[in-house]
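Peer 1:
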Amino acid sequence: MTRIPLIAGNWKMHKTVAEAEEFIAGLLPRVSSVDGVDVALCGPFTALQAMVDSTRGSRVEVYAQTMHWTTHGAYTGEVSAPMLTELDVHGVVLGHSERRELFGETDRELQKKVPAALEAGLRPILCVGETEQERENGDTERKLRHQIQEGLEKVPSERLAEVVLAYEPIWAIGTGLVATPQQAQDAVAFCRALVADRSAEQAQGTRILYGGSVKPDNAAELLALPDVDGALVGGASLEPGPFAKIVDAARA
Ligand code: PGA
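Residue numbers (our numbering): 77 to 328.
(1) Quick check: the Cα distance between ASP164 and THR207, rounded to an integer number of angstroms?
(2) Between the region 87-98 and the region 115-123, do at least 3 Cβ pairs fall closer than 8 Å?
(3) Excluding the five sequence neighbours on either side, which residues of its own chain have a C-beta within less than 8 Å of the C-beta of LYS321, listed in chain order?
(4) Is GLU58 near ligand 1, in the sense that its beta carbon is under 7 Å from a heavy atom of that ligand?
(5) Is any non-hydrogen atom of ligand 3 found closer than 7 Å to the C-beta of ILE249, if you look at the structure I gave you?
(6) In terms of residues, what are the limits of the alpha helix (DSSP H) holding VAL323?
(7) Given a threshold of 16 other Cβ atoms within 10 Å of its Cβ, counted over all protein chains shown, does HIS172 qualify as buried or as exposed?
(8) Tell me whether ARG72 sits in a helix, a strand or coil according to DSSP, three-state version.
(9) Three or more C-beta pairs closer than 8 Å, one from the region 207-221 and one from the region 134-142: is that the case here?
(10) Just list the residues that DSSP pairs CYS267 with in beta bridges.
(11) Could you pull out every unbroken alpha helix (DSSP H) segment of at least 4 residues lying fully inside the region 158-244, listed in chain order?
(12) Excluding five sequence neighbours on each side, which residues of the same chain lie with their C-beta closer than 7 Å to the C-beta of ALA326?
(13) Taking Cβ positions, are LEU236 and VAL204 nearer each other than 8 Å?
(14) The alpha helix (DSSP H) with GLY407 in it runs from where to where?
(15) Along the chain, where does the alpha helix (DSSP H) containing GLU154 start, and where does it finish?
(16) On the DSSP bridge list, what partners appear for ILE284?
(17) Starting from LEU308, trace the alpha helix (DSSP H) both ways and give me its first and last residue.
(18) Quick test of the definition: if touching needs 3 or more C-beta pairs under 8 Å, does the region 235-255 touch the region 273-289?
(19) Buried or exposed: where does ALA242 fall if 16 or more other Cβ atoms within 10 Å of its Cβ makes it buried?
(20) Tell me whether the beta-carbon of LEU228 lies closer than 8 Å to the beta-carbon of VAL264.
(21) Would you mind stating whether ALA193 and ALA150 have Cβ atoms separated by less than 8 Å?
(22) If you count every other CB in all the chains shown that lies within 10 Å of the CB of PHE99, and 16 or more means buried, which is it?
(23) Measure the CB-CB distance between ILE249 and GLY310 and report whether it falls below 8 Å.
(24) Closest by CA to THR78, which one among LEU202, PHE319 and ILE284?
(25) Tell me whether VAL290 sits in a helix, a strand or coil according to DSSP, three-state version.
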């Protein structure tokens with residue numbers, strides 16, 4: 077089964093509407109001729125409408141960075157899936173390590189959020205990954221198993237391949253440290269094996285991204301790994317030039 081690579085830029089808490097529009101105006105001409113690669117920009121809620129409007133008709137999809145698991149209710153500050161689909165947002169990042177660490181997002185919540193996104197027609201990118209301490213203690217696989225089994229538990233087996241996984245070792249996020257190709261390949265292959273425990277067929281179709289200090293100069297090596305189907309890019313997604321180079325590196 078061929079898996080179309082996905083390059084997703086995670087802007088985090090960056091970019092006003094004006095800045096998002098300027099970025100997109102700079103990016104579109106640079107990626108318009110790149111075939112065989114899906115491109116997504118994960119923006120702040122306030123910029124999503126403008127991002128959808130200014131990418132319409134292009135190959136670039138727009139994702140949110142989090143959402144609540146219910147459709148509406150007394151959840152001050154939260155945003156629901158129907159609020160995102162109304163804007164024509166395509167997908168949503170779930171379980172980013174910053175949301176887990178800084179805002180207390182739990183695997184139990186993700187167990188509700190992942191199927192809720194799918195049911196609403198949003199493509200979830202479920203992020204998983206170990207801390208430096210966990211890697212040193214030999215706990216990487218235990219952590220990934222726990223996060224993936226919990227996060228996918230309520231996803232029907234026949235829909236597993238609709239969930240994108242992002243393996244992001246926490247020690248590599250925003251640090252300039254990158255997993256070695258062997259570390260990335262091993263962890264991503266392990267993630268795929270965990271999906272295969274539920275459905276071997278779905279695991280073959282599941283896209284698994286690597287994230288953590290992906291830059292134009294290391295992207296090609298990471299994207300060439302047999303089980304790596306794209307990248308979730310933070311810092312290097314803030315300027316159109318470097319981000320377009322990473323998209324180009326994903327071209328088959
Ligand atoms: P980084 O962030 O590319 O700046 O390391 C990746 C992420 O947090 O998704």
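Beta carbons: idealized from backbone N, C-alpha and C, even for Gly. Please read all numbers here as calculations on a predicted model, not as lab measurements.
Peer 2: Per the coordinate set shown:
(1) So the two alpha carbons sit approximately 34 Å from each other.
(2) yes
(3) PRO292 and ALA295
(4) Residue 58 falls outside the range modelled here, since the chain spans only 77 to 328, and no answer is possible.
(5) Within the structure as shown, ligand 3 is missing, the only ligands being ligand 1.
(6) 316-325
(7) buried
(8) Absent from the structure is residue 72, since the part of the chain shown begins at 77 and ends at 328.
(9) no
(10) When beta bridges are read from the DSSP output, CYS267 appears opposite no residue.
(11) With a minimum length of 4 residues, the continuous alpha helix (DSSP H) runs that stay inside the region 158-244 are 173-179, 183-196, 208-212 and 216-228.
(12) PRO81, ILE83, VAL113, LEU299 and GLY306
(13) no
(14) Any property of residue 407 remains undetermined from this structure, which presents the chain solely from 77 to 328.
(15) Here GLU154 belongs to no alpha helix (DSSP H), and DSSP marks it neither H nor E.
(16) LEU241
(17) Unbroken run through LEU308 is the beta strand (DSSP E), 306-309; no alpha helix (DSSP H).
(18) yes
(19) Classification for ALA242: buried.
(20) No, the pair does not count as a contact, with Cβ atoms beyond the cut-off.
(21) no
(22) buried
(23) yes
(24) ILE284
(25) coil
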